Structure formats: structure tokens, C-alpha cells
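K.L.:
One structure, as C-alpha cells, below. Some questions next.
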Amino acid sequence: MGSLFGELARQATANARREVETYVREIPELGSLDVNSRARAETLEYAVWFRHRTVELAPENGGLTEDDLGFITSMGAARAGSGMSLESRQRVLRVHTALMLREINEATESQRGGHVEELMRIMSWFAPQGERGIGAYREGFVTVMRHQVPYVEQVALLARSLLAEDSAAEELALVAGMELADHYAVAVIRVPDRPAGDRDLENEIEALVKTHGVPATWCPERGGGGGGRGGGGGELIVLVPRVTGAAVTTGTAGAIGATRVTGAAGVTGVTGAAGVTGVTGAAGITEAAGVTEAAGVTGVTGAAGITEAAGVTGGTRAAGAVGVTPAGVARASMAARRHAAPDLAPERVPDPVPDLVRDLVPKVVPDLVPDLLRDLLQDFAQALGRPCAAGTASAPRSELAGALDRARRISRAAPLRRASTRLRPHTLADVFVELTVADVPFVDEWLRTVARSLRPGPDLLVTLDAYYRHDMNRGSAATALNVHPRTLDYRLRRVRELTGIDPGSTHGVRILSAAVTRSLSRAWS
-2 MGSLFGELAR QATANARREV ETYVREIPEL GSLDVNSRAR AETLEYAVWF
48 RHRTVELAPE NGGLTEDDLG FITSMGAARA GSGMSLESRQ RVLRVHTALM
98 LREINEATES QRGGHVEELM RIMSWFAPQG ERGIGAYREG FVTVMRHQVP
148 YVEQVALLAR SLLAEDSAAE ELALVAGMEL ADHYAVAVIR VPDRPAGDRD
198 LENEIEALVK THGVPATWCP ERGGGGGGRG GGGGELIVLV PRVTGAAVTT
248 GTAGAIGATR VTGAAGVTGV TGAAGVTGVT GAAGITEAAG VTEAAGVTGV
298 TGAAGITEAA GVTGGTRAAG AVGVTPAGVA RASMAARRHA APDLAPERVP
348 DPVPDLVRDL VPKVVPDLVP DLLRDLLQDF AQALGRPCAA GTASAPRSEL
398 AGALDRARRI SRAAPLRRAS TRLRPHTLAD VFVELTVADV PFVDEWLRTV
448 ARSLRPGPDL LVTLDAYYRH DMNRGSAATA LNVHPRTLDY RLRRVRELTG
498 IDPGSTHGVR ILSAAVTRSL SRAWS
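Under the working numbering, the first residue of the sequence shown carries the number -2, and numbering increases by one thereafter.
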């Protein structure tokens, strides 16, 4: 045994004591080691044992045996059995690793920098064997945690870990029996008035998690300590995996034609658009700057089906599109020459957008809503029996904290609705006007004044809400309100009389729809 290993062996007990003292000083949950002599002795025994095994195995690059790994696993299980939190467990591993490296450095310095070969040998051993040891420790911890921690709490820990972008999420996924996805849609379901009994809420969340198999956690409203109707409010935060090719729908009403097209932003950036079917009317493919091969684009009706298709190269290819009239092809070809799209590769995209907007919307693409999220929201709202508002934003797993912030802002701007009123998750595209208004106080106050002026009328806010939700279709809106179309017409005239704004005009849609949404979101309550 060389002198470096000899020095480590001589200092093993002293270094182990220092490790235990560091645990007591830096990790609150282990402060009890000062008064629990048995637990302190066990912790010290393990620390000494690991240092001796390091000195025994590292000189010949020997690996930890199955018995060694079993002992380490039992230590992880003991920590979980004592009720140690995952956060403290992570800190224990960090402290242990940092101190072991410090001890190697101290031993090297005591030898005045000699024995470089031994230093390289122990460092080469430490990394792979340390990883095996940590893996065994985690395995023991996770196994006990799976049996001791209620399932709904396991899932909540996983959700919070993912949102914090914590590496512990991988272990927690094992505990909860869930696979991690590369991308998630983060949904914030805002519930201003939760049920009076906490158990009712916990039971509903547990049923939801078991049915849909997604990470979810309840966050009580700050300062909402149970006052008001049914107790304090809060948010249910849900993470729904976004799987490439999965069934998704856009969050905006105008994008219904793009249903189940992953990445469909109305439809933009489609290279080789063969298979884009069933797009009808002028709203079919608008500003489709990325469509480079229109052959096979079927079901595009009318000359306006492809408008300003800047990327449609050549009339001969476009001519093969079923249902595209010659006049439409000619106009599309002329549009391609007039509005030739520049090569906007990611690193070359002009970026005049202010930093605030860039932070809120990392990619200028509408969020797509997984169908699972719609079902989950409907189930939760029906079980809860209270008005909810949901906002959603998508992001890669490494950027979920930002997605949570966006989804939370969207949920606060979205109108509160019951499950019976076509409740759906809102995306940025649904409430971008209201989000902007909320940050401009004098505009928000003006809209509030408009909303106040509607109070004398009979249910005018509810009427306008139904009118706009049904795309200003009088028949559908009247049916939703359970009134005669003439009653609806009377109410719309009343809106004009009270505000001087025609609800059916562009001017009216811009102002009144924002006023209605802000009011129904309880932003002014």
C-alpha cells in the first residue's frame, strides 16, 4: 500500500467523525444525531466502513462487491425508513462526495504532492465506484419510499421535482411507476373556492392521478387559510407528457381545421405538405411560408384555399393539388414571387421582439393541447363541482419552470367556468389580449368601466360570453343560453344602447370580448 493510501487509512476515523459533524451542522433533519447516540453510532460506523473499503479496493482498482452494495442499499433504506426527505437525502450525498474528495486532496498535500500515480489510481476508482454506491443507496431509499409514502404524495413530489428541474425527478418517477417524457404540457387549473374538506380534494386528486397517470400537485393559495366560501382557493398543477405524433388539438377556436396535426401553427412550417387534408375555405393554409411541395394537398376548396403561400415553389407542382383552381394556383404563384420567404434558420431569425415577450413565449408557436389534458380537466371540474379556469404551456423537460409561469399567468387571465360549459384549457393564443391588458392599468380600468356599464341589462355579460364563444352564431348562442333568438337580439341591442358599441362589429369584438373575459376571470373581484 502506497503512502497516499496509508495516509487515508490513518485518517479514516477522524474524517468519518468530521462527516457526521457536518451532517448535524448543515442538514436540519440530521440534527437529531446529536441526541440520538444509536443513530449517530450507526452513521459513524457506515462512514468509517466506506473509507476503509475505499483504501482496500482502490489500489488494485477492485469493484464494490454485491455484499458491499447490499450494505449501502440498507443504509439508504434506513434513511428513508426514518422519514428523511428526498431533499435531505440529496444533501447527504452531496456532503459525502464533497468530503471524500476533500480528504483525498488533504492526503495528497500531506505527502507534499508526491505519488501522482496513486492519486490518479484513486480518482479513477472513485468516479465509477462512487456512482455504483450512490445508485445502491438511492435504490434502498426509493424502495422504502414507495411503500411508506402515499401514492398521491409520490406523484406530487415528482411533479414538484420536474417543475424545479431537479435531477431527483428520475428517481421519483421510479417511485411513482411513471416514465419521464422529453416534453410536457404544464397545466394550471385555478380553483378560487376549493371544497371545505381537505380530504375531499385529496381524494379527487388521487382519483385523477390514478385514472390519467400523470404527475400532479395541489398548491394552496398564499394567504388563503380557509376563509370564504368552501375554504381557500389554490391551483392544481398537472404535467401531461407531450409525445411526438400524439393526438393533440390547438387551443384556439380558429384552428379547428388543424386538429391532430402535431406542430400545426395554422399550418406553418410544413415541409412537403403531402397529406394535409380537409382544409377548407379562406382560412385553410394562410401565410404558409414553409410549404415547399403542394402536391398531395387535398381537399383545399376555393381560390383562397392557399393564400400568400410564400413557400409554394413553382406552378407545376401546385397544379397537382386536388381542388385548387387554376386562378388560385396563379395567385399563389404570384404571391410566392412577391413574398418570397427568407431562409429563417433558428440562428438567423430576426428578433425585434422585446425581452419580456421573448421570456413569456420562447417559441412563437401556439401551444398544442393534448387530448388527455382536456379529458383530465373535464373530469376534475365535474368531480369538484366548482368553477375552474385552466391555462397551459408546453416546454422541454429542462424548461418546465418557465412553462409553469406562463401557464399560471394564462390561468389567471382565463374565464372561470363550470364543467357543463365546454370547459377547456386555455393557451396563450386564447388570452393574449387579456394578458397584455392586465399589465396596463389604465387600459384595464377603462375595460372595467365598460363592463360596469353592462350591469343594468339582463345578463348581458353572460349573453356576450355565449355570443362570442359560439363565434357570433345567433342560433347556437341562443340555444346555449336557453333563450329565443329574438331575446338574444334584444340583449345585443341593449349592449349597444348602454355602451355605444355594436357587439357584432370588429370594434365591438375587440373591446367587449376582452371586457367579458376579464370580468369572468374575477380579475376585478
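Think of the CB as a built atom: it goes at the ideal place given N, C-alpha and C, for glycine as much as any other residue. Everything numeric in this text was worked out from a predicted model, so none of it was measured.
Is the CB-CB distance between residue 396 and residue 514 below 9 Å?
P.N.:
Contact: no.
K.L.:
Counting Cβ pairs, one atom from each stretch, are 3 or more of them under 8 Å apart for the segment 417 to 428 and the segment 436 to 454?
P.N.:
No: fewer than three Cβ pairs fall under 8 Å.
K.L.:
Please state the DSSP three-state secondary structure of residue 62.
P.N.:
Here residue 62 sits in coil by DSSP.
K.L.:
List the DSSP bridge partners of residue 534.
P.N.:
With the chain covering only -2 through 522, there is no way to say anything about residue 534.
K.L.:
Would you report the Cα separation of residue 45 and residue 13, rounded to the nearest angstrom?
P.N.:
Computed Cα separation, rounded: 5 Å.
K.L.:
What span of residues does the beta strand (DSSP E) with residue 388 cover, start to end?
P.N.:
Counting along the chain, the beta strand (DSSP E) containing residue 388 begins and ends at 386 to 393.
K.L.:
Measuring alpha carbon to alpha carbon, tell me which of 392, 474, 445 ends up nearest residue 238.
P.N.:
Closest by alpha carbon: 392.
K.L.:
Identify which residue in 27, 0, 500, 379 has its Cα closest to the Cα of residue 458.
P.N.:
Measuring from the Cα of residue 458, the nearest candidate turns out to be 500.
K.L.:
Quick one: using the 10 Å Cβ neighbour count with 16 as the cut-off for buried, is residue 42 buried or exposed?
P.N.:
When all chains shown are included, residue 42 counts as exposed.
K.L.:
Skipping 5 residues on each side, what residues in its chain have a beta carbon closer than 7 Å to that of residue 428?
P.N.:
So the list reads 407, 410, 411, 514, once near-sequence residues are dropped.
K.L.:
Just curious, the alpha helix (DSSP H) that residue 12 is in, first and last residue?
P.N.:
Here the alpha helix (DSSP H) through residue 12 covers 9 to 23.
K.L.:
Taking 8 Å as the limit between beta carbons, can you name the residues of its chain near residue 88, skipping five residues before and five after?
P.N.:
23, 24.
K.L.:
Give the straight-line distance between the Cα atoms of residue 465 and residue 492, rounded to the nearest whole angstrom.
P.N.:
One C-alpha to the other measures close to 14 Å.
K.L.:
Among 448, 184, 389, which residue has its Cα nearest to the Cα of residue 519?
P.N.:
Residue 448 is the option with its Cα nearest to residue 519.
K.L.:
With H, G and I counted as helix, E and B as strand and the rest as coil, what does DSSP make of residue 144?
P.N.:
Correct three-state label for residue 144: helix.
K.L.:
Return helix, strand or coil for residue 236, following the three-state DSSP convention.
P.N.:
In the structure shown, residue 236 sits in a strand (DSSP, three-state: E or B).
K.L.:
Look at the Cβ atom of residue 152, then the Cβ atom of residue 120, and state whether they are nearer than 9 Å.
P.N.:
Cβ distance not < 9 Å, so residue 152 and residue 120 don't count as in contact.
K.L.:
Would you kindly check if the distance between the Cβ of residue 378 and the Cβ of residue 416 is under 9 Å?
P.N.:
Cβ atoms of residue 416 and residue 378: closer than 9 Å.
K.L.:
Give a yes or no on whether the C-beta atoms belonging to residue 75 and residue 1 are separated by under 9 Å.
P.N.:
Not closer than 9 Å, so no.
K.L.:
Using a Cβ-Cβ cut-off of 6 Å (strictly less than) and excluding sequence neighbours within five positions of residue 475, which residues of its own chain qualify?
P.N.:
So the list reads 482, 485, once near-sequence residues are dropped.
K.L.:
May I have the straight-line CA-CA distance separating residue 387 from residue 381, to the nearest angstrom?
P.N.:
Spanning the two alpha carbons is a distance of roughly 14 Å.
K.L.:
How about the segment 153 to 162 and the segment 96 to 103: do they share at least three Cβ pairs that are nearer than 8 Å?
P.N.:
Taking 8 Å as the limit for Cβ pairs, the verdict is that the segment 96 to 103 does not touch the segment 153 to 162.
K.L.:
Once the 5 residues before and after residue 478 are set aside, which same chain residues still bring their CB inside 6 Å of it?
P.N.:
Cβ neighbours of residue 478 beyond the five flanking positions: 463.
K.L.:
Give a yes or no on whether the C-beta atoms belonging to residue 66 and residue 156 are separated by under 9 Å.
P.N.:
Cβ distance not < 9 Å, so residue 66 and residue 156 don't count as in contact.
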